[in-house]
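Residue numbers for the sequence shown follow the working numbering, beginning at 121 and rising by one. Ideal Cβ positions, reconstructed from N, Cα and C, are used throughout, including at glycine. Below: the structure, in C-alpha coordinates.
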Amino acid sequence: MRKIALMAMVLVFAAAGLSAQDITVDEILENYFENTGGLENWKALKGVKMTAKLNQGGMEIPLEIVQMSDGRTYTKFSLQGTEIYQGVFDGETLWGINFQNMQAEKSDAETTANYKLNINDFPDSFIDYEEKGYTVELLGTETIDGAETYKVKLVKEPITINGEEQEDVTYYYFDTEAFIPIAQDTEVKQGPQAGIIQRITQSDFDEVEGLYFPFSMTQGVKDGPSQPISIESIEVNPEVDASVFKFPGE
121 MRKIALMAMV LVFAAAGLSA QDITVDEILE NYFENTGGLE NWKALKGVKM
171 TAKLNQGGME IPLEIVQMSD GRTYTKFSLQ GTEIYQGVFD GETLWGINFQ
221 NMQAEKSDAE TTANYKLNIN DFPDSFIDYE EKGYTVELLG TETIDGAETY
271 KVKLVKEPIT INGEEQEDVT YYYFDTEAFI PIAQDTEVKQ GPQAGIIQRI
321 TQSDFDEVEG LYFPFSMTQG VKDGPSQPIS IESIEVNPEV DASVFKFPGE
(Lines of atoms letter the chains of each structure in order from A and count residues from 1; the text may use other names and numbers.)
(Lines give C-alpha, C1' and ligand atoms only; values in the text may rest on other atoms or scores of the structure.)
Protein backbone atom coordinates (compact mmCIF):
# COMPACT_ATOMS: atom_id res chain seq x y z
CA MET A 1 0.00 0.00 0.00
CA ARG A 2 1.07 3.56 -0.49
CA LYS A 3 -0.37 6.67 1.07
CA ILE A 4 -2.54 8.64 -1.28
CA ALA A 5 -0.95 11.97 -2.19
CA LEU A 6 -3.70 14.44 -2.86
CA MET A 7 -1.57 16.77 -4.96
CA ALA A 8 -0.42 13.87 -7.13
CA MET A 9 -3.85 12.44 -7.74
CA VAL A 10 -5.18 12.48 -11.28
CA LEU A 11 -7.80 15.20 -11.33
CA VAL A 12 -10.07 15.61 -14.29
CA PHE A 13 -10.35 19.25 -13.32
CA ALA A 14 -6.97 20.94 -13.10
CA ALA A 15 -8.31 23.79 -11.00
CA ALA A 16 -9.01 22.55 -7.49
CA GLY A 17 -11.95 23.81 -5.50
CA LEU A 18 -14.37 24.51 -8.33
CA SER A 19 -17.59 26.08 -7.14
CA ALA A 20 -20.82 24.11 -7.19
CA GLN A 21 -21.94 26.26 -10.11
CA ASP A 22 -18.91 25.18 -12.18
CA ILE A 23 -19.29 21.43 -11.80
CA THR A 24 -22.01 18.80 -12.08
CA VAL A 25 -22.68 15.93 -9.73
CA ASP A 26 -21.71 13.41 -12.41
CA GLU A 27 -18.36 15.17 -12.86
CA ILE A 28 -17.78 14.91 -9.11
CA LEU A 29 -18.47 11.18 -9.22
CA GLU A 30 -16.28 10.73 -12.30
CA ASN A 31 -13.38 12.36 -10.46
CA TYR A 32 -14.11 10.32 -7.34
CA PHE A 33 -13.85 6.97 -9.09
CA GLU A 34 -10.88 8.06 -11.21
CA ASN A 35 -8.95 9.17 -8.13
CA THR A 36 -9.66 6.01 -6.13
CA GLY A 37 -8.66 3.37 -8.67
CA GLY A 38 -10.93 3.63 -11.70
CA LEU A 39 -14.60 2.82 -12.20
CA GLU A 40 -14.02 -0.45 -14.08
CA ASN A 41 -11.71 -1.71 -11.34
CA TRP A 42 -14.35 -0.98 -8.72
CA LYS A 43 -16.97 -2.80 -10.79
CA ALA A 44 -14.68 -5.85 -11.00
CA LEU A 45 -14.38 -6.10 -7.21
CA LYS A 46 -15.86 -9.35 -5.83
CA GLY A 47 -15.46 -8.80 -2.13
CA VAL A 48 -13.67 -7.04 0.72
CA LYS A 49 -12.45 -8.27 4.10
CA MET A 50 -11.39 -5.71 6.69
CA THR A 51 -9.84 -6.05 10.12
CA ALA A 52 -10.19 -3.06 12.39
CA LYS A 53 -10.40 -1.80 15.96
CA LEU A 54 -13.32 0.16 17.36
CA ASN A 55 -12.52 2.50 20.24
CA GLN A 56 -15.47 2.51 22.61
CA GLY A 57 -14.94 4.55 25.75
CA GLY A 58 -11.21 3.89 25.69
CA MET A 59 -11.64 0.14 25.15
CA GLU A 60 -10.45 -1.24 21.82
CA ILE A 61 -12.74 -3.85 20.27
CA PRO A 62 -11.33 -5.97 17.40
CA LEU A 63 -13.56 -6.14 14.33
CA GLU A 64 -13.69 -8.24 11.18
CA ILE A 65 -16.00 -7.05 8.41
CA VAL A 66 -16.74 -8.95 5.21
CA GLN A 67 -18.79 -7.70 2.26
CA MET A 68 -19.25 -9.72 -0.92
CA SER A 69 -20.59 -8.62 -4.30
CA ASP A 70 -23.51 -11.08 -4.10
CA GLY A 71 -24.80 -9.38 -0.95
CA ARG A 72 -23.34 -11.71 1.68
CA THR A 73 -22.03 -9.85 4.72
CA TYR A 74 -20.97 -10.28 8.31
CA THR A 75 -19.41 -8.26 11.09
CA LYS A 76 -17.55 -10.17 13.78
CA PHE A 77 -16.16 -8.59 16.91
CA SER A 78 -14.38 -9.97 19.91
CA LEU A 79 -15.65 -8.96 23.34
CA GLN A 80 -14.01 -10.32 26.46
CA GLY A 81 -12.76 -13.33 24.54
CA THR A 82 -16.12 -14.08 22.91
CA GLU A 83 -16.67 -13.79 19.16
CA ILE A 84 -19.99 -12.12 18.36
CA TYR A 85 -21.55 -11.94 14.90
CA GLN A 86 -23.86 -9.15 13.75
CA GLY A 87 -25.35 -8.23 10.38
CA VAL A 88 -24.82 -11.71 8.96
CA PHE A 89 -26.57 -12.14 5.62
CA ASP A 90 -26.40 -15.11 3.25
CA GLY A 91 -28.51 -13.52 0.52
CA GLU A 92 -31.82 -14.55 2.05
CA THR A 93 -31.57 -14.72 5.83
CA LEU A 94 -30.35 -11.87 8.06
CA TRP A 95 -29.26 -12.79 11.57
CA GLY A 96 -27.07 -11.86 14.51
CA ILE A 97 -26.29 -12.70 18.12
CA ASN A 98 -28.78 -11.49 20.74
CA PHE A 99 -26.77 -9.79 23.49
CA GLN A 100 -29.29 -10.79 26.16
CA ASN A 101 -29.01 -14.54 25.74
CA MET A 102 -26.02 -14.78 23.36
CA GLN A 103 -28.08 -16.88 20.96
CA ALA A 104 -28.32 -16.46 17.19
CA GLU A 105 -31.61 -14.86 16.12
CA LYS A 106 -33.10 -14.08 12.72
CA SER A 107 -34.25 -10.58 11.89
CA ASP A 108 -37.91 -9.96 11.12
CA ALA A 109 -39.21 -9.91 7.55
CA GLU A 110 -39.33 -6.11 7.27
CA THR A 111 -35.75 -5.62 8.47
CA THR A 112 -34.54 -8.38 6.16
CA ALA A 113 -36.35 -6.89 3.16
CA ASN A 114 -34.76 -3.51 3.84
CA TYR A 115 -31.34 -5.12 4.17
CA LYS A 116 -31.73 -6.91 0.84
CA LEU A 117 -31.91 -3.53 -0.87
CA ASN A 118 -28.24 -3.03 0.05
CA ILE A 119 -27.18 -5.76 -2.37
CA ASN A 120 -27.28 -3.13 -5.12
CA ASP A 121 -24.78 -0.96 -3.26
CA PHE A 122 -21.63 -3.09 -3.40
CA PRO A 123 -19.02 -1.77 -3.74
CA ASP A 124 -20.45 1.74 -3.95
CA SER A 125 -23.97 3.17 -4.09
CA PHE A 126 -22.98 5.69 -6.77
CA ILE A 127 -21.91 3.09 -9.35
CA ASP A 128 -24.58 2.94 -12.10
CA TYR A 129 -26.92 4.82 -9.78
CA GLU A 130 -29.38 5.64 -12.55
CA GLU A 131 -29.76 1.96 -13.50
CA LYS A 132 -30.57 1.22 -9.85
CA GLY A 133 -33.31 3.83 -9.88
CA TYR A 134 -31.41 6.13 -7.53
CA THR A 135 -31.23 9.91 -7.87
CA VAL A 136 -28.36 12.24 -6.96
CA GLU A 137 -28.36 16.00 -6.51
CA LEU A 138 -25.59 18.52 -5.85
CA LEU A 139 -26.81 20.81 -3.07
CA GLY A 140 -23.84 23.19 -2.96
CA THR A 141 -20.75 23.39 -0.77
CA GLU A 142 -20.27 22.96 2.97
CA THR A 143 -17.30 23.02 5.32
CA ILE A 144 -16.73 19.75 7.18
CA ASP A 145 -13.99 19.61 9.82
CA GLY A 146 -12.25 22.54 8.15
CA ALA A 147 -12.40 21.08 4.63
CA GLU A 148 -14.48 22.56 1.82
CA THR A 149 -16.80 19.90 0.39
CA TYR A 150 -19.47 19.36 -2.23
CA LYS A 151 -22.71 18.23 -0.57
CA VAL A 152 -24.41 15.50 -2.62
CA LYS A 153 -27.84 14.05 -1.86
CA LEU A 154 -28.40 10.39 -2.73
CA VAL A 155 -31.94 8.99 -2.75
CA LYS A 156 -32.20 5.20 -2.99
CA GLU A 157 -35.12 2.79 -3.10
CA PRO A 158 -37.62 3.47 -0.29
CA ILE A 159 -37.41 1.33 2.82
CA THR A 160 -40.34 0.07 4.90
CA ILE A 161 -40.71 1.06 8.55
CA ASN A 162 -43.65 -0.36 10.51
CA GLY A 163 -45.43 -1.17 7.27
CA GLU A 164 -45.00 2.28 5.74
CA GLU A 165 -42.61 3.27 2.96
CA GLN A 166 -40.07 5.94 3.83
CA GLU A 167 -37.53 7.76 1.70
CA ASP A 168 -33.96 6.46 2.03
CA VAL A 169 -31.66 9.48 1.84
CA THR A 170 -27.95 9.90 2.55
CA TYR A 171 -25.96 13.12 2.25
CA TYR A 172 -22.34 12.74 1.12
CA TYR A 173 -19.61 15.35 1.45
CA PHE A 174 -16.88 15.20 -1.22
CA ASP A 175 -13.61 17.08 -0.67
CA THR A 176 -13.48 19.80 -3.35
CA GLU A 177 -9.77 19.19 -4.07
CA ALA A 178 -9.47 15.41 -3.96
CA PHE A 179 -13.08 14.52 -4.87
CA ILE A 180 -13.21 11.81 -2.19
CA PRO A 181 -16.11 11.48 0.27
CA ILE A 182 -14.95 12.48 3.74
CA ALA A 183 -18.33 12.31 5.54
CA GLN A 184 -21.90 11.11 5.18
CA ASP A 185 -25.10 11.79 7.11
CA THR A 186 -28.14 9.51 7.43
CA GLU A 187 -31.25 9.82 9.58
CA VAL A 188 -31.89 6.86 11.89
CA LYS A 189 -35.38 5.61 10.99
CA GLN A 190 -36.28 3.27 13.85
CA GLY A 191 -35.38 2.20 17.35
CA PRO A 192 -34.54 4.36 20.37
CA GLN A 193 -32.37 6.67 18.24
CA ALA A 194 -35.03 7.31 15.58
CA GLY A 195 -34.76 10.83 14.22
CA ILE A 196 -31.09 11.25 15.10
CA ILE A 197 -28.66 12.09 12.29
CA GLN A 198 -25.86 9.55 12.16
CA ARG A 199 -22.55 10.83 10.80
CA ILE A 200 -19.72 8.71 9.42
CA THR A 201 -16.38 10.30 8.58
CA GLN A 202 -13.49 8.71 6.69
CA SER A 203 -9.89 9.70 6.04
CA ASP A 204 -6.34 8.34 5.55
CA PHE A 205 -7.05 6.78 2.16
CA ASP A 206 -4.49 4.10 1.25
CA GLU A 207 -4.05 1.92 -1.81
CA VAL A 208 -4.83 -1.79 -1.74
CA GLU A 209 -4.17 -3.56 -5.04
CA GLY A 210 -4.90 -0.42 -7.04
CA LEU A 211 -8.02 0.70 -5.15
CA TYR A 212 -8.10 3.38 -2.45
CA PHE A 213 -9.89 2.77 0.85
CA PRO A 214 -10.23 4.91 4.00
CA PHE A 215 -8.19 3.54 6.90
CA SER A 216 -9.54 5.91 9.56
CA MET A 217 -13.25 6.34 10.28
CA THR A 218 -15.59 7.63 12.95
CA GLN A 219 -19.21 6.70 13.53
CA GLY A 220 -21.56 8.62 15.77
CA VAL A 221 -24.11 11.40 16.05
CA LYS A 222 -23.78 14.55 13.96
CA ASP A 223 -22.42 17.32 16.20
CA GLY A 224 -22.26 14.77 19.00
CA PRO A 225 -20.10 11.92 20.32
CA SER A 226 -18.49 9.47 17.91
CA GLN A 227 -16.47 6.27 18.01
CA PRO A 228 -13.14 6.07 16.13
CA ILE A 229 -12.53 3.04 13.93
CA SER A 230 -8.98 2.24 12.85
CA ILE A 231 -8.67 -0.08 9.85
CA GLU A 232 -5.65 -2.36 10.23
CA SER A 233 -5.84 -4.33 6.98
CA ILE A 234 -8.00 -4.76 3.90
CA GLU A 235 -8.08 -7.83 1.65
CA VAL A 236 -9.76 -7.59 -1.74
CA ASN A 237 -11.52 -10.57 -3.34
CA PRO A 238 -11.03 -12.74 -0.23
CA GLU A 239 -11.69 -16.45 0.03
CA VAL A 240 -14.41 -16.81 2.66
CA ASP A 241 -15.95 -20.01 4.02
CA ALA A 242 -19.58 -19.94 2.84
CA SER A 243 -20.77 -21.67 6.02
CA VAL A 244 -20.04 -18.60 8.16
CA PHE A 245 -22.97 -16.77 6.56
CA LYS A 246 -25.51 -19.50 7.30
CA PHE A 247 -27.83 -19.33 10.28
CA PRO A 248 -26.57 -21.84 12.89
CA GLY A 249 -28.29 -25.20 12.63
CA GLU A 250 -29.52 -24.75 9.07
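For the alpha helix (DSSP H) that residue 159 lies in, which residues bound it at each end?
Taking the sequence shown and counting its residues from 1, one reaches residue 159 at position 39. That run of the alpha helix (DSSP H) goes 159-163.
Proximal residues to residue 232 (C-beta, below 6 angstroms), its chain only, five neighbours per side dropped
Here residue 232 corresponds to residue number 112 of the sequence shown, with the count starting at 1. If we look at residue 232 and ignore the five residues flanking it on each side, its Cβ neighbours are 214.
Flag this pair as yes or no: are the beta carbons of residue 181 and residue 169 separated by less than 8 angstroms?
On the sequence shown, residue 181 is found 61 positions in, with the first residue counted as 1. On the sequence shown, residue 169 is found 49 positions in, with the first residue counted as 1. Result no, Cβ atoms of residue 181 and residue 169 do not sit closer than 8 angstroms.
Closest by C-alpha distance to residue 163, when choosing among 253, 175, 188, 347:
As a working mapping, residue 163 is identified with position 43 in the sequence shown. Per the Cα distances, 188.
Do residue 285 and residue 253 have their C-beta atoms closer together than 8 angstroms?
Along the sequence shown, one-based indexing puts residue 285 at 165. Along the sequence shown, one-based indexing puts residue 253 at 133. Not closer than 8 angstroms, so no.
Classify residue 147 as helix, strand or coil using the three-state DSSP reduction.
For the purposes of this step, residue 147 is identified with residue 27 of the sequence shown, where counting begins at 1. In the structure shown, residue 147 sits in a helix (DSSP, three-state: H, G or I).
Nearest residue (CA-CA) to residue 320, options 327, 330, 217, 293
On the sequence shown, residue 320 is found 200 positions in, with the first residue counted as 1. Nearest option by C-alpha distance: 293.
CB residue 334 to CB residue 324, shorter than 8 angstroms?
Taking the first residue of the sequence shown as position 1, residue 334 is located at position 214. Taking the first residue of the sequence shown as position 1, residue 324 is located at position 204. Yes; because the gap between Cβ atoms is below 8 angstroms, this pair is in contact.
For residue 149, which residues from the same chain have a beta carbon less than 7 angstroms from its beta carbon, with the 5 sequence-adjacent residues on both sides left out?
Residue mapping note: residue 149 aligns to position 29 of the sequence shown, counting from 1. Only 246 meet the Cβ criterion.
Taking C-beta to C-beta, are residue 224 and residue 367 nearer than 8 angstroms?
Along the sequence shown, read from residue 1 onward, the residue named residue 224 stands at position 104. Along the sequence shown, read from residue 1 onward, the residue named residue 367 stands at position 247. The answer is yes: Cβ separation under 8 angstroms.
Under the criterion of a Cβ to heavy atom distance below 7 angstroms, does residue 231 qualify as lining the ligand PLP?
With respect to small molecules bound, the structure shown includes none, and the ligand PLP cannot be examined in it.
Simplified DSSP assignment, three categories, for residue 300:
Within the sequence shown, residue 300 is the residue found at index 180, counting from 1. Correct three-state label for residue 300: coil.
Does the beta-carbon of residue 361 have 16 or more other beta-carbons within 10 angstroms, so that it is buried, or is it exposed?
Taking the first residue of the sequence shown as position 1, residue 361 is located at position 241. Label assigned to residue 361: exposed.
Using 8 angstroms as the threshold, is the C-beta distance between residue 332 and residue 191 below it?
Walking along the sequence shown from the start, residue 332 turns up at place 212. Walking along the sequence shown from the start, residue 191 turns up at place 71. For residue 332 and residue 191, no; Cβs fall outside 8 angstroms.
Exposure of residue 219, with buried meaning 16 or more beta-carbon neighbours within 10 Å:
The residue labelled residue 219 in the question sits at position 99 within the sequence shown. Counting Cβ neighbours within 10 Å, residue 219 comes out exposed, since fewer than 16 surround it.
Going by the beta-carbon positions, is the gap between residue 288 and residue 308 smaller than 8 angstroms?
Numbered from 1 along the sequence shown, position 168 holds the residue referred to as residue 288. Numbered from 1 along the sequence shown, position 188 holds the residue referred to as residue 308. No, these two residues do not count as a Cβ contact at 8 angstroms.
Is the Cβ-Cβ distance between residue 183 and residue 202 less than 8 angstroms?
Here residue 183 refers to the residue found at position 63 when the sequence shown is read from its first residue. Here residue 202 refers to the residue found at position 82 when the sequence shown is read from its first residue. Result no, Cβ atoms of residue 183 and residue 202 do not sit closer than 8 angstroms.
Checking 8 angstroms against the spacing of the C-beta atoms, do residue 159 and residue 356 come in under that value?
Counting from 1 along the sequence shown, the entry for residue 159 is found at position 39. Counting from 1 along the sequence shown, the entry for residue 356 is found at position 236. No, the Cβ-Cβ distance between residue 159 and residue 356 is not below 8 angstroms.
So, using beta-carbon positions, are residue 318 and residue 336 closer together than 8 angstroms?
To locate residue 318, count along the sequence shown from 1; it is residue 198. To locate residue 336, count along the sequence shown from 1; it is residue 216. Contact flag unset, no.
By Cβ distance below 6 angstroms, which residues in the same chain neighbour residue 290 in space, the five residues on each side in sequence not counted?
Sequence index remark: in the sequence shown, residue 290 carries index 170 (1-based). Answer for residue 290: 274, 304, 306, listed in chain order.
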